[in-house]
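A quick write-up on the structure given underneath.
In this note's numbering, the protein residues as written are 946 to 1527.
As structure tokens, then:
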């Protein structure tokens, strides 16, 4: 007969199975979170502390440590290693043995197999236990991290501790499996990042070698120039020379540079210098179209392919057959469309939207971007195979601040163009050119053109003086855009938050002294108001002092406060201050 109490009271074996199932479920959840973290990590090692936090939260594997073989010159002895990451803050000068016993690290490095010390103090002595863990017995689990390219070579050790007081202290076999899988995920992430870095360096080295070979074969060349490209600085001369060298080939070209550096102009130069110069030059702004519209624009569509498709339409690839297709802002296309674009670039064939006929084209690709594509590849936002397909010959366009000698001829070009379009005869004074040449122009050539057109349009006479420029009137647009921004980016400029603090030197003559008012016994002496960088906390008293120092001229007060005349007018209205006529 079965005692009903046997059914009500959980048996030890059932409790063990339940605990085991819970442990397995938590381990799967932890591995899922860890895999997501590594998949989006540009630097896998930098994410290891976060991985240790996941292991601690889900499995109570605490005090995680990652040890990696030291670079040449960093360590001494056999298999010198350094602590690359920990689950806690530690001083870089602290010895490695403070977080990982040296004897355990040596065993794993030499054997290449996981190691478990069920009682660290009993096996290696009390001194082997890190000081922070000596209050209770500790089990140490350590697994090897293998080189992604040579599986037999151990390049690191991944370790974690579990207290004897924890109820999971008997699950060391499961802990070994979890840490081994984490090490495998880290190995795969390192392999992918290393492969991208190696292939990128190889592509750049091949390009440098090709350009060097062509230069040596041709010998010293005369200064190069291209129609439509203005400038004689060394930076622009090098770009022009590269374009002339690669234009005659069929290789895809990737133009890289900050926003406003004239990527489309240089793309047209590549086309004009190539054997395809008589063919069409077709331009597509990839950032301006959605994924659906971009597919229709590039590949075309058949009649009736979708609502509104009342006639057959040829795509840009088909229109550019025998010529050049310029894909501007290629870094902005969606990951789903990248695979479709990759097939066309590899095979040179595609189907129109709604069609079944395969169309082959002979089109050269010139792409442009202001994004850091290497970072996008590392984050999984841009396909690595598409990156290698378009980045065969990368050409980096210099920002305007690196070609100072080209600012004046460019400004004159834009001024001549303004006069031709508007039937005027505006000229720049010498001091106006000097003022423009001192600016940094974070918006590059596009900002310079806007600056010249604004000054010419708002000039009172036929000659533009330095005082009429926006930077002299406290109305410089780039100064406002970049006043409160902070950040850096290797390539990108305005489009990706590149911060360049303008260094506009204001050298306007001081205002003529105003007639002194009747002295007041309690009036404080005037003091120069310092240049402000933030205007949100402007007080009524500060505004009055600035106006008095500027002789109640709003534009001068705005320069003193680091504000615009519009902001000054708003502040006057806010504080109900009436302007004085002096």
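Note that beta-carbon positions come from the ideal geometry of N, C-alpha and C, so glycine has one too.
Does the distance from the C-beta atom of residue i to that of residue j stay below 8 Å?
i            : j            : result
residue 1212 : residue 1200 : yes
residue 1334 : residue 1276 : no
residue 1138 : residue 989  : yes
residue 1528 : residue 1050 : With the chain represented from 946 up to 1527, any question about residue 1528 goes unanswered, as that position is not in the structure.
residue 1314 : residue 1274 : yes
residue 1343 : residue 1186 : no
residue 1173 : residue 1130 : no
residue 1489 : residue 1516 : no
residue 1495 : residue 1505 : yes
residue 1197 : residue 1397 : no
residue 975  : residue 1123 : yes
residue 1260 : residue 1224 : no
residue 1145 : residue 1319 : yes
residue 1039 : residue 1069 : no
residue 1215 : residue 1311 : yes
residue 1031 : residue 1059 : no
residue 1006 : residue 972  : no
residue 1283 : residue 1328 : yes
residue 1027 : residue 1042 : no
residue 1091 : residue 1098 : yes
residue 1074 : residue 1067 : no
residue 1149 : residue 1190 : no
residue 1231 : residue 1238 : no
residue 1503 : residue 1419 : yes
Could you say which of the options lies nearest to residue i if we only look at CA atoms?
i            : options                   : result
residue 1243 : 1271, 1338, 1249 and 1505 : 1271
residue 1308 : 1250, 1221 and 1340       : 1221
residue 1151 : 1004, 1415, 1336 and 1255 : 1336
residue 1359 : 1331, 1400 and 1421       : 1400
residue 1305 : 1319, 1288 and 1351       : 1288
residue 1136 : 1514, 1100 and 1313       : 1100
residue 1385 : 1258, 1349, 1411 and 1190 : 1349
residue 1376 : 992, 1412 and 1268        : 1412
residue 1044 : 1105, 1403 and 1003       : 1105
residue 1241 : 1381, 1147, 1268 and 1285 : 1285
residue 1374 : 1356, 1102 and 1523       : 1356
residue 1207 : 1345, 1280 and 1066       : 1345
residue 1395 : 1407, 1381 and 1408       : 1381
residue 1323 : 983, 1524, 1188 and 1014  : 983
residue 1134 : 1405, 1325, 1341 and 1366 : 1325
residue 1497 : 1522, 1483 and 1484       : 1522
residue 1278 : 1332, 1258, 1256 and 1372 : 1332
residue 1127 : 1253, 1079, 1098 and 977  : 977
residue 1235 : 1255, 1156 and 1280       : 1280
residue 1417 : 1518, 1125, 1507 and 1370 : 1507
residue 1269 : 1077, 1192, 1511 and 1493 : 1192
residue 1525 : 1080, 1499, 1178 and 1353 : 1499
Assign residue i to one of two classes, buried (16 or more other C-beta atoms within 10 Å of its C-beta) or exposed (fewer than that).
i            : result
residue 1176 : buried
residue 1469 : Any reading at residue 1469 must be qualified, since the residue scores a pLDDT of 43, below 50, and its modelled position is unreliable; the value itself is stated next. Residue 1469 is exposed by the Cβ-count criterion.
residue 1509 : buried
residue 1000 : buried
residue 966  : exposed
residue 1501 : buried
residue 1330 : exposed
residue 1392 : buried
residue 1204 : buried
residue 997  : buried
residue 1109 : exposed
residue 1439 : Unreliable positioning characterises residue 1439 in this predicted model, as indicated by a pLDDT of 42, which lies under 50. A coordinate reading is not provided.
residue 1062 : buried
residue 1402 : exposed
residue 1518 : exposed
residue 1034 : exposed
residue 1520 : exposed
residue 1083 : buried
residue 1455 : Residue confidence for residue 1455 is low, a pLDDT of 44 falling below 50, so the modelled location carries little weight; the figure read from the coordinates is stated next. With fewer than 16 other Cβ atoms within 10 Å, it is exposed.
Alpha helix (DSSP H) runs wholly inside the stretch 1172-1232, at least 4 long, in chain order: If we require 4 residues or more, the alpha helix (DSSP H) runs fully inside the stretch 1172-1232 come out as 1179-1191 and 1208-1218.
Residue ranges of each alpha helix (DSSP H) within the stretch 1338-1407, 4 or longer: For the stretch 1338-1407, whole alpha helix (DSSP H) runs of length 4 or above, ordered along the chain, are 1352-1367, 1375-1382 and 1389-1403.
Segment contact, 8 Å Cβ cut-off, at least three pairs: the stretch 1051-1064 with the stretch 1076-1092: Judged by Cβ distances under 8 Å, the stretch 1051-1064 makes contact with the stretch 1076-1092, as three or more pairs qualify.
Touch test, the stretch 1294-1302 against the stretch 1231-1247, Cβ-Cβ under 8 Å, three pairs minimum: At 8 Å Cβ cutoff, the stretches touch.
Ordered list of beta strand (DSSP E) runs contained in the stretch 965-1051, each at least 3 residues: Fully contained in the stretch 965-1051 are the following beta strand (DSSP E) runs of length 3 or more, in chain order: 1007-1014 and 1026-1031.
Residue ranges of each alpha helix (DSSP H) within the stretch 1232-1271, 4 or longer: Within the stretch 1232-1271, complete alpha helix (DSSP H) segments of at least 4 residues are found at 1236-1244 and 1261-1264, given in chain order.
Contained alpha helix (DSSP H) runs [length at least 4] in the stretch 1479-1525, N- to C-terminal order: You should have 1485-1494, 1499-1506 and 1510-1520.
Secondary structure, alpha helix (DSSP H): runs of 4+ residues fully inside the stretch 1276-1305: Complete alpha helix (DSSP H) runs here, min 4: 1280-1292.
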